[in-house]
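Numbering (my numbering), first residue to last: 1315 to 1630.
Everything on this sheet refers to the single structure shown next.
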Amino acid sequence: MIRTRIIGTGSYVPPDILTNDNLSEMVDTSDEWIRTRTGICNRHIAKDMDNADMAYNAARNAVEDARIEASKIGLIIVATSTPDYAFPNQASLVQAKLKAVNAMCFDVSAACSGFITALDIAASMLKAGSYKYALVIGSEKMSEIVNWKDRSVCVLFGDGAGAGALVGHERGIIDSNIYNDGTGASVLTGGRRFSDSCSTDIFIHMDGQEVFKFAVKSVPTAIETLLHNNNMDINEVDKFILHQANVRIIESVAKRLKADKDKFPVNLNEYGNTSSASIPILLDELNRNGSLKQGEKLVLAGFGAGLSWGSILLVW
Ligand code: COA
């Protein structure tokens, strides 16, 4: 059976770091509050670069890691909620920089579930035999839509990009389940409402506690369902690569699943919540430091605005 295998990973985070102490000079907060409530210590901020620059850097690293020629890529999907323009899409901007002249290009808007959604779509298209190689990127410039005067939100987010180069292969993605509940849309919103031309409100608005409750309930259920559908036990999974929003969410998911906490790698302490970029950035870190062994079973899981959530099971 043709599956989709990730044969290369890449990531990029901008060099400028905003620490918790820096933030405590901007709003009424403290390193202690942010660290204990979220696990976040730093976040990286794109000062002199666009979303497309970060996306391209991550994509180039993934293509180099996969050792494929850019001209062989048939599909580029960028997951983002913070594109540089309404149009053209981010994928076109990446295509031009990468000289991936033969790629079909489009973006996916699914917030923090964006990367797993884009990966799921790409996997279907590769499975159908439409393309041999594909590139899936999660890239976000969250600093553009963060209200730096709102302490309940500004401490959480950061900028960055991550990417995976994909090929049709006998080993790879086994199954996925992606869900959405649009009735929860108002719980987490961001960006300007286009029909309201006078509005200057481009910011993220969030009911933090509702999002927290939603995440710790929906993510374990999605993972349990995915494993059940594939006759797998929780202990057979080697690593759970979760969206990096809050370490307390990750710990709670591990507890509810009765899974070993050590199987849930975390890097949100350094980057904060980079939305659609968080899963591929973490995947790239693990790939490059040798933590991912061939044949390991991984579960990727995302959640966020929509409300949207879901999980993907794959063999590395
Ligand atoms: N520094 C200091 N105090 C802060 C603060 C900050 N950065 N942000 C909020 N507070 C205050 C609140 O004003 C409140 O004060 P009050 O008790 O005087 O009213 C108090 O801290 C507790 O606020 P609360 O919202 O109950 O905190 P919490 O424990 O729920 O933690 C979040 C807040 C945002 C960290 C937590 O709800 C969360 O992580 N939710 C999920 C958010 C998320 O992951 N979103 C993205 C999903 S993709």
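For every residue, glycine included, the Cβ atom is placed at its ideal position computed from N, Cα and C.
Going by the C-beta, is residue i closer than 8 Å to any heavy atom of ligand 1?
| i | result |
| --- | --- |
| Val1469 | yes |
| Gln1523 | yes |
| His1483 | no |
| Phe1429 | no |
| Thr1352 | yes |
| Leu1502 | yes |
| Gly1624 | no |
| Trp1462 | no |
| Ser1344 | yes |
| Gly1498 | no |
| Arg1562 | yes |
| Phe1526 | yes |
| Ile1492 | no |
| Gly1618 | yes |
Report all residues from its chain with a CB closer than 6 Å to the CB of residue i; omit the five preceding and five following residues, and keep chain order.
| i | result |
| --- | --- |
| Gly1452 | Ala1393, Gly1428, Phe1429, Gly1476, Ser1590, Ala1591, Pro1594 |
| Glu1584 | Asn1356 |
| Ala1619 | Ala1425, Leu1502 |
| Asp1398 | Asp1364, Asn1365, Ala1366 |
| Leu1606 | Leu1600, Trp1630 |
Suppose the cutoff is 7 Å on Cβ atoms and the five residues either side in sequence are ignored; what does the same chain contact list for residue i look like?
| i | result |
| --- | --- |
| Asp1521 | Val1501 |
| Asp1598 | Thr1323, Gly1324, Ser1325, Gly1476 |
| Tyr1370 | Val1408, Lys1411, Leu1412 |
| Ser1307 | In the structure displayed, the chain extends from 1315 to 1630; residue 1307 sits before or after that span and is not available. |
| Ser1406 | Cys1419 |
| Phe1554 | Ala1573, Lys1577, Phe1578, Val1613, Ala1615 |
| Val1415 | Ser1385 |
| Ile1537 | Leu1571, Val1613, Ala1615, Ser1625 |
Taking the C-alpha atoms as reference points, what is the distance between residue i and residue j?
| i | j | result |
| --- | --- | --- |
| Ile1516 | Asp1510 | 11 Å |
| Thr1431 | Ile1492 | 7 Å |
| Phe1617 | Gly1624 | 7 Å |
| Arg1570 | Pro1402 | 42 Å |
| Ala1573 | Ile1564 | 11 Å |
| Val1358 | Val1460 | For the record, residue 1358 in the displayed sequence is His; it is not Val. Roughly 13 Å between the two C-alpha positions. |
| Thr1497 | Asp1342 | 33 Å |
| Arg1465 | Ala1559 | 16 Å |
| Leu1332 | Arg1351 | 18 Å |
| Glu1484 | Thr1588 | 31 Å |
| Glu1362 | Glu1378 | According to the sequence provided, residue 1362 is Asp. The question's Glu does not apply to it. Their backbone Cα atoms lie some 25 Å apart in a straight line. |
List the residues that DSSP assigns as beta-bridge partners of residue i.
| i | result |
| --- | --- |
| Met1418 | Leu1389 |
| Gly1474 | Glu1454 |
| Phe1617 | Trp1623 |
| Tyr1447 | Ile1387, Val1481 |
| Gly1322 | Ala1479 |
| Met1520 | Leu1502 |
| Phe1554 | Val1613 |
| Val1629 | Lys1611 |
| Leu1571 | Partner(s): none; Leu1571 has no beta bridge. |
| Ile1487 | Leu1628 |
| Thr1333 | Asn1356 |
| Asn1494 | Ser1622 |
Does the beta-carbon distance from residue i to residue j come in below 9 Å?
| i | j | result |
| --- | --- | --- |
| Ser1532 | Leu1412 | no |
| Thr1318 | Ala1448 | yes |
| Gly1388 | Ala1417 | yes |
| Lys1455 | Met1340 | no |
| Ala1373 | Ile1390 | yes |
| Gly1478 | Leu1440 | no |
| Leu1540 | Asp1489 | yes |
| Ile1348 | Gly1486 | no |
| Val1525 | Ile1382 | no |
| Asn1544 | Leu1627 | yes |
| Ser1438 | Ser1395 | no |
Excluding the 5 residues preceding and the 5 following residue i in the sequence, name in chain order all residues of the same chain whose CB lies nearer than 8 Å to its CB.
| i | result |
| --- | --- |
| Ser1513 | Arg1506, Arg1507 |
| Val1530 | Ile1563, Ser1566, Val1567, Arg1570 |
| Trp1462 | Met1340, Val1341, Cys1468 |
| Ser1457 | Ile1359, Ala1360, Phe1471, Gly1472, Asp1473 |
| Asn1334 | Thr1343, Ser1344, Asp1345, Ile1348, Arg1349, Ile1354, Cys1355, Asn1356, Val1469 |
Got a sec: is the Cβ-Cβ distance from residue i to anything in chain B below 9 Å?
| i | result |
| --- | --- |
| Ile1382 | Annotation note: the requested chain B is absent from the structure, which comprises a single protein chain. |
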